[in-house]
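Student:
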Amino acid sequence: MTANPYPLLIKQILAAPLAQKSPHEIVHADIRRYGYPEFAARIARLGGLLGELGLGQGSTIAVMDWDSHRYLECFFAAPMIGATLHTVNIRLSAEQVLYTINHAGDDAILCHVDFLPLLADIRDRITRPFRLIVMQDNPVQAPADLQSDGEYEALMAEATPVAGFPDFDENTRATLFYTTGTTGAPKGVFYTHRQLVLHTLGVAAGLGPIPGSGFNRDDVYMPITPLFHVHGWGIPYVATMLGAKQVYPGRYEAARLLSLISEHRVTFSHCVPTILSMILNAPGAEDADLSGWRVIIGGSALSDALARSARMRGVAINAAYGMSETCPFLTVADMMTTRTEPQATPNCTAAGKPMPMVDVRIVDETMSDVPADGVSTGEIVVRAPWLTSGYLNDPVGSGDLWRGGWLHTGDVGLFDASGALRITDRLKDVIKTGGEWVSSLALENLASEVAGVSEAAAIGCPDPRWGERPLLIVASRRAADDVKSDIRARIAAAVTAGQLSKWATPDRIEIVSSLPKTSVGKLDKKALRAQYVIDKVQA
Ligand code: AMP
Numbered sequence: 000m001t002a003n004p005y006p007l008l009i010k011q012i013l014a015a016p017l018a019q020k021s022p023h024e025i026v027h028a029d030i031r032r033y034g035y036p037e038f039a040a041r042i043a044r045l046g047g048l049l050g051e052l053g054l055g056q057g058s059t060i061a062v063m064d065w066d067s068h069r070y071l072e073c074f075f076a077a078p079m080i081g082a083t084l085h086t087v088n089i090r091l092s093a094e095q096v097l098y099t100i101n102h103a104g105d106d107a108i109l110c111h112v113d114f115l116p117l118l119a120d121i122r123d124r125i126t127r128p129f130r131l132i133v134m135q136d137n138p139v140q141a142p143a144d145l146q147s148d149g150e151y152e153a154l155m156a157e158a159t160p161v162a163g164f165p166d167f168d169e170n171t172r173a174t175l176f177y178t179t180g181t182t183g184a185p186k187g188v189f190y191t192h193r194q195l196v197l198h199t200l201g202v203a204a205g206l207g208p209i210p211g212s213g214f215n216r217d218d219v220y221m222p223i224t225p226l227f228h229v230h231g232w233g234i235p236y237v238a239t240m241l242g243a244k245q246v247y248p249g250r251y252e253a254a255r256l257l258s259l260i261s262e263h264r265v266t267f268s269h270c271v272p273t274i275l276s277m278i279l280n281a282p283g284a285e286d287a288d289l290s291g292w293r294v295i296i297g298g299s300a301l302s303d304a305l306a307r308s309a310r311m312r313g314v315a316i317n318a319a320y321g322m323s324e325t326c327p328f329l330t331v332a333d334m335m336t337t338r339t340e341p342q343a344t345p346n347c348t349a350a351g352k353p354m355p356m357v358d359v360r361i362v363d364e365t366m367s368d369v370p371a372d373g374v375s376t377g378e379i380v381v382r383a384p385w386l387t388s389g390y391l392n393d394p395v396g397s398g399d400l401w402r403g404g405w406l407h408t409g410d411v412g413l414f415d416a417s418g419a420l421r422i423t424d425r426l427k428d429v430i431k432t433g434g435e436w437v438s439s440l441a442l443e444n445l446a447s448e449v450a451g452v453s454e455a456a457a458i459g460c461p462d463p464r465w466g467e468r469p470l471l472i473v474a475s476r477r478a479a480d481d482v483k484s485d486i487r488a489r490i491a492a493a494v495t496a497g498q499l500s501k502w503a504t505p506d507r508i509e510i511v512s513s514l515p516k517t518s519v520g521k522l523d524k525k526a527l528r529a530q531y532v533i534d535k536v537q538a
């Protein structure tokens, strides 16, 4: 007798809620809702359909959809037939979408009708022949002259379900997506079944025990991180394994998100800070009952001001840290204690403590650990069983990512006295002035404390004497001079209190109505540098 090797496969994530007989539902806004048995039956049907189209082991299947039940079905069916799921970032430019489709070598594209015009523009330049399945929310939406293999639901109705998904090597690639890269062409990041299963288990083990706000099967889960962004931060897999109720909101519109939160009593979400801010400031938000809603904030630093305004609305916030190349979870903060304090502790850049199975070091340029004295900063390097092994077809970039056997995050941070990781900057965003490193996040955090400031970004401007000097760009609707003097006073107080070096005081503060964002809603510092640094050089 030989023991069964039990490869770690995504199909086992789906088996868990079925074995548990989860009574909960999967809901796509007001479009579709069903229980876990029907979810599994539809995945078997989708697996059959993909097979009938000639897709299987070695194929790459792209999805361009809003956050829907269909997308979740693809999260399972595509990898479960041995194919790679390519989650296309639909907010990229048409040229970048084209680049990613060609680079990935997609064999099929499952495309929502809203993105068909984009696809029509680039279709002639897609180098590989591909199957096209059209997705839609409303049957009358479908254009009559589609040159496609058919519509998702119609094809599903006719497909023969897969009788049982096969076992295969757990190191088979399961997912692929492209980083939104601030420089150069997008880079393909990929994960195997084994990595996604371990990430699912690790995140469940990391989020579950958070005192008073752990993620468990009685939660009602709604992502507000697009499913194309690091496969929805991997949480749809966790929610499925737990058998929790899941609500997929379709296209993100603040009013719809608010009404889904209240209609379904959503308890658990995750998003980048700008999305939370958009929801809290949306018309009607002040009347919405958000108590009982817990939100993991990641992708960018959570400012004290945003944490406080969320808490004042009864929203429980926990910061987390990760990146596209890390699946993404690395650390999570247990912010229960700070949540119950009337004033959040200053500097919410705390990104928490490492999750189970994650090794975090902070190193200097020679890969030696910097002292864990709460002051010394260095680059954050990590190891975990779920980090990407490299960039697709990019051996040079992959080698650089894994220099010295550790994944280099490109982020600068320190461990504070409690053992929590604080992100102080990205290596390329650090402002180097007269030999000192100034944390752009610290400046942004202080500026966002000032009344009427909705967003803030600090960047380094070339300076002949000091190398660089900080420039603070702030979005506010208040009178510019008033905001500037309040910010200057807040920064001066931080300098006096020893929280900030005096060199960090910005020479220049610009007030604008809004700041540019990347395709996943983060501050776009590349765009700001292009605008302000060139302006300054020309001035
Ligand atoms: P992305 O790969 O687009 O998801 O971006 C990952 C980057 O977002 C990280 O390398 C960090 O620079 C930043 N980031 C993620 N989480 C946090 C956090 N909690 N605090 C500060 N920056 C963060």
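Under numbering that gives the first Met the number 0, think of the first position of the sequence shown as 0, with each following residue one higher. Heads up, the beta-carbon is just placed ideally off N, CA and C, and yes, glycines get one too. Just so you know, these numbers come straight off a predicted model, no measurement behind them.
#1: Which ranges does the beta strand (DSSP E) cover as unbroken runs of at least 3 residues, wholly within the segment 113-150, from first to last along the chain?
#2: The alpha helix (DSSP H) with T199 in it runs from where to where?
#3: Assuming H263 is part of the beta strand (DSSP E), what are its boundary residues?
#4: Should R172 go down as buried or exposed, given a rule of 16 or more other Cβ atoms within 10 Å for buried?
#5: Does DSSP classify N392 as helix, strand or coil?
#6: Could you tell me whether any non-hydrogen atom of ligand 1 is closer than 6 Å to the CB of M134?
#7: Out of curiosity, what's the CA-to-CA distance linking L257 and T273?
#8: Between M322, R382, L527 and S453, which lies nearest to N280 when the distance is taken from Cα to Cα?
#9: Residues in the same chain with beta-carbon distance under 7 Å from G207, minus the five sequence neighbours each way, listed in chain order, please.
#10: If you draw a straight line from the alpha carbon of K431 to that of I422, how long is it in whole angstroms?
#11: Assuming A503 and P469 form a contact by the criterion Cβ under 8 Å, report the distance between their Cβ atoms to the nearest whole angstrom.
#12: Does any residue of chain C bring its CB to less than 7 Å from the CB of T59?
#13: Please classify A455: does DSSP put it in a helix, a strand, or coil?
#14: Among L48, A493 and N101, which one has its Cα closest to the Cα of L122?
#15: Output the distance between the C-alpha atoms of E340 and K501, rounded to the nearest integer angstrom.
#16: Below 8 Å on the Cβ atoms is my guess for M79 versus G46; work out the distance and round it to an integer in Å.
#17: Does the beta-carbon of S299, which I'm using as the reference point, lie nearer than 6 Å to any heavy atom of ligand 2?
#18: Starting from the C-beta of F38, find all residues in its chain whose C-beta is less than 7 Å away, skip the five residues before and the five after it, and write them out in chain order.
#19: Is the beta carbon of A383 sitting closer than 7 Å to the one on V357?
#20: Taking the continuous alpha helix (DSSP H) assigned at H544, which residues delimit it?
#21: With respect to the beta strand (DSSP E) encompassing D105, which residues constitute its N-terminal and C-terminal limits?
#22: Could you tell me whether the segment 222-232 touches the segment 53-70, where touching means 3 or more Cβ pairs closer than 8 Å?
#23: Can you tell me where the alpha helix (DSSP H) holding A349 begins and where it ends?
#24: Counting pairs of Cβ atoms below 8 Å between the segment 402-416 and the segment 459-469, do you hit three or more?
#25: Please list, in chain order, all residues of the same chain as R130 whose beta carbon is under 8 Å from its beta carbon, the five residues on each side excluded.
#26: Taking C-beta to C-beta, are Q11 and G242 nearer than 7 Å?
#27: So, V196 versus L329, is the Cβ gap smaller than 7 Å?
#28: Can you find the residues in the same chain that come closer than 6 Å, C-beta to C-beta, to V161, ignoring five residues on each side of it along the sequence?
#29: Ordered along the chain, which non-local residues of its own chain (more than five positions away) have a Cβ less than 6 Å from that of A343?
#30: Does A450 pass the burial test, meaning 16 or more other C-beta atoms within 10 Å, or should it be called exposed?
#31: Is DSSP giving H230 helix, strand or coil here?
#32: Assuming V219 contacts R250 (C-beta within less than 8 Å), just tell me the rounded distance between them.
#33: In whole angstroms, what is the alpha-carbon distance linking M335 and I379?
#34: CA-CA distance, S438 and P461?
#35: Just verifying my parser: in three-state terms, what is the DSSP assignment at W436?
Tutor: Looking at the atomic coordinates:
#1: 130-134
#2: H192 to L206
#3: Counting along the chain, H263 falls outside any beta strand (DSSP E), though it belongs to the alpha helix (DSSP H) covering A253 to H263.
#4: buried
#5: coil
#6: no
#7: 15 Å
#8: S453
#9: G213, F214 and N215
#10: 16 Å
#11: 6 Å
#12: Going by chain labels, chain C is absent from the structure shown, which holds only one protein chain.
#13: strand
#14: At residue 122 the sequence reads Arg, which differs from the Leu that was named. That would be N101, whose Cα lies nearest to the Cα of R122.
#15: Because the pLDDT of E340 is 42, which lies under 50, any placement of that residue in the model is unreliable, and the number read from its coordinates should be weighed accordingly. Going from the Cα of E340 to the Cα of K501 covers about 29 Å.
#16: 6 Å
#17: Summarising the ligand content, the structure contains ligand 1 and does not contain ligand 2.
#18: I25
#19: yes
#20: Given a span of 0 to 538 for the chain in the structure shown, any question on residue 544 remains unanswerable.
#21: Where D105 is concerned, there is no enclosing beta strand (DSSP E), given that its DSSP letter is neither H nor E.
#22: yes
#23: Segment A349 to P353 is the beta strand (DSSP E) holding A349; no alpha helix (DSSP H) there.
#24: no
#25: L52, G53, L54, D106, A107, I108 and D148
#26: no
#27: no
#28: A43, G46 and G47
#29: With a pLDDT of 38 at A343, under the threshold of 50, the predicted position of this residue should be treated as unreliable, and no value is reported.
#30: exposed
#31: helix
#32: Actually they do not touch by this definition, with Cβ atoms about 20 Å apart.
#33: Confidence at M335 is low in this model, with a pLDDT of 49, below 50, so its placement is unreliable and the value that follows should be read with caution. In a straight line, the C-alpha of M335 is about 25 Å away from that of I379.
#34: 16 Å
#35: strand
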